[in-house]
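All letters in the sequence shown, in the order written, are residues 1 to 391 by my numbering. We put the CB at the ideal spot given by N, CA and C, even for glycine. None of the values given here were measured: they were computed from a predicted structure. A quick write-up on the structure given underneath.
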Amino acid sequence: MAEKSMLDTTDGRTDFSKDEILRYSRHLVMSEVALAGQKKLKAARVLCVGAGGLGSPVLMYLAAAGVGTLGVIDFDVVDPTNLQRQVIHGTGSIGRYKVDSAIERIHDINPNIQVRVFRERLTSENALDVIADFDLIVDGTDNFPTRYLVNDACVLSGKPYVYASVLRFEGQASVFASPEGPCYRCLFPEPPPPGMVSSCGDGGVLGVLPGLLGMIQATETVKLILGSGEPLVGRLLMVEALGMRFREIQVHKDPRCPVCGDHPTVRSLIDYERFCTVRGEDGETPDVSSISPEGLKILIEAGGEIDLLDVRDPHEYDISGLDAHRIPLDELLSRIQELDSKREIVVYCRSGVRSARAVELLRGCGFKRVRHLSGGINAWADRIDRTMAKY
1 MAEKSMLDTT DGRTDFSKDE ILRYSRHLVM SEVALAGQKK LKAARVLCVG
51 AGGLGSPVLM YLAAAGVGTL GVIDFDVVDP TNLQRQVIHG TGSIGRYKVD
101 SAIERIHDIN PNIQVRVFRE RLTSENALDV IADFDLIVDG TDNFPTRYLV
151 NDACVLSGKP YVYASVLRFE GQASVFASPE GPCYRCLFPE PPPPGMVSSC
201 GDGGVLGVLP GLLGMIQATE TVKLILGSGE PLVGRLLMVE ALGMRFREIQ
251 VHKDPRCPVC GDHPTVRSLI DYERFCTVRG EDGETPDVSS ISPEGLKILI
301 EAGGEIDLLD VRDPHEYDIS GLDAHRIPLD ELLSRIQELD SKREIVVYCR
351 SGVRSARAVE LLRGCGFKRV RHLSGGINAW ADRIDRTMAK Y
């Protein structure tokens, strides 16, 4: 058992009404929480970055637990594709800002807490100011630039960072940036090249998985506030949902880490979009030629001699598609002989990520006349053929 909380939440905001005593009674009867622990929860200030799949259970359970001040930062609006996993939002919230939808649900769960809303993107310019008034940060993001941004901001500010990520049937969680533990960069010094790791949009995610990992994040947050139990500091918890297996690996603080190491070189927030972009030998982003849906439509209607190449997985073909040669991205190199390098090739996938990677692979094999469809088949459905299903 930890002797004390990592957080200083003693600011006097700990009076309870009779209704609150009843509301938190299942906590109060536990010696590990009791009134003293509930006071810590009420005095705590937690920021959740993102109100999506991970942020939904985090915000709902921390509200129910009685965390006194919740912050939520998100610039996005609710989309129908969110509803499969982002349970803090409902059908009636489609088109609304996620933070507006979230605050209503939070207050419905617990009207006794304060909610601070930031209807904006977390950036290198505003991150330190946004997190300044919070005790710890919970990461509900789904992209590498923001994860590195949150990590570095937490290290520089001395605030714990409760991390999780999900993709398909797998997830992972940990607590970074604590005084004695590693940070996210100790585990992942460099981001993967764009296109090497699928997003949830391209790779999919089992709808219940963000709920599972988000509840783990909420649990770690409560433990950090209470100073109870053994937090996931120095441990990466890995979850495989299909087999329902949990395992963990040890993560050690890297003395050479540029942010939290013995001789840090990152002393301020950087350009994380650029940091997470692959660069050539000259330091510039590789040029991957693209064509817009409108441009492709013109080529097709003009009878242009082009070959369309669909690099999606076979189970995606039944959803939507064009008349194209089909080779899944992971089979492209082994089946490259099926393509004619002398003809112009336009590659497409769902959103443009896999097709951009395919263009790089084909160029590396000597293909010169190859482009990819910007925005993928979903952009085609949005801008050219509105009868086509999106996913």
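Less than 8 Å separates the beta-carbon of Val162 from that of Val138.
DSSP, read as helix, strand or coil, puts Thr277 in coil.
Beta-bridge pairing by DSSP links Thr69 to Arg45 and Gln114. Within the same chain, Leu149, Ala153 and Leu269 come within 7 Å of Ala127 by CB-CB distance, once the 5 residues on both sides are set aside. Annotation: the continuous alpha helix (DSSP H) that includes Met215 extends over Leu209 to Leu226.
Residue nearest to Leu122 within the set Gly366, Ala51 and Ile300 is Ala51 (criterion: CA-CA distance). For the 8 Å CB-CB criterion, Val251 and Arg85 do not form a contact. Boundaries cannot be given for Tyr97, as no beta strand (DSSP E) includes it and DSSP labels it neither H nor E. Gly50 sits in coil when the DSSP states are folded into three classes, being neither helix nor strand. Segment contact: the stretch 166–178 against the stretch 234–248, three or more CB-CB distances shorter than 8 Å; contact assigned.
With fewer than 16 other CB atoms across the displayed protein chains lying within 10 angstroms of its CB, Thr81 is exposed. The three-state secondary structure of Ser374, taken from DSSP, is coil. Around the beta carbon of His263, fewer than 16 other beta carbons lie within 10 angstroms, which makes this residue exposed. Contact annotation: Ser101 and Ile88 have beta-carbon atoms nearer than 8 Å.
With a cutoff of 8 Å on beta-carbon distance, Arg45 and Thr69 are scored as near each other. In the same chain as Ile21, and ignoring 5 residues on each side of it, the C-beta atoms closer than 8 Å to its own belong to Leu28, in chain order. The straight-line gap separating the alpha-carbon atoms of Asp330 and Ala34 is approximately 54 Å. In summary, His372 is buried, with 16 or more beta-carbon neighbours lying within 10 Å of its beta-carbon over all protein chains present. For the pair Thr141 and Val49, the CB atoms are nearer than the 8 Å cut-off. Excluding five sequence positions before and after Val115, the CB atoms of its chain that fall closer than 6 Å to its own CB belong to Leu70, Ile103 and Ile106, given in chain order.
A straight line joining the alpha-carbon of Tyr24 with that of Val67 spans about 11 Å. Ranked by Cα distance from Glu170, the options Asp76, Lys40, Gly261 and Met244 are led by Met244. Listed as beta-bridge partners of Glu170 by DSSP are Leu167 and Glu240. Taken atom to atom, the span from the alpha-carbon of Lys253 to that of Thr387 is near 53 Å. Under the DSSP definition of a beta bridge, Val175 partners with Val162 and Val233. DSSP places Phe144 within a helical segment (H, G or I) once states are collapsed to three. Taking 8 Å as the upper bound for CB-CB distance, Gly211 and Arg168 are not in contact here, some 15 Å apart. By the CB criterion at 8 Å, Leu41 and Ala65 fall inside the cutoff.
Comparing alpha carbon positions, the residue from Glu316, Ser292 and Leu339 closest to Gly375 is Ser292.
The beta strand (DSSP E) runs of length 3 or more contained entirely in the stretch 300–324 are, from start to end of the chain, 306–310.
In the structure shown, Gln250 adopts extended strand secondary structure according to DSSP, grouped into three states.
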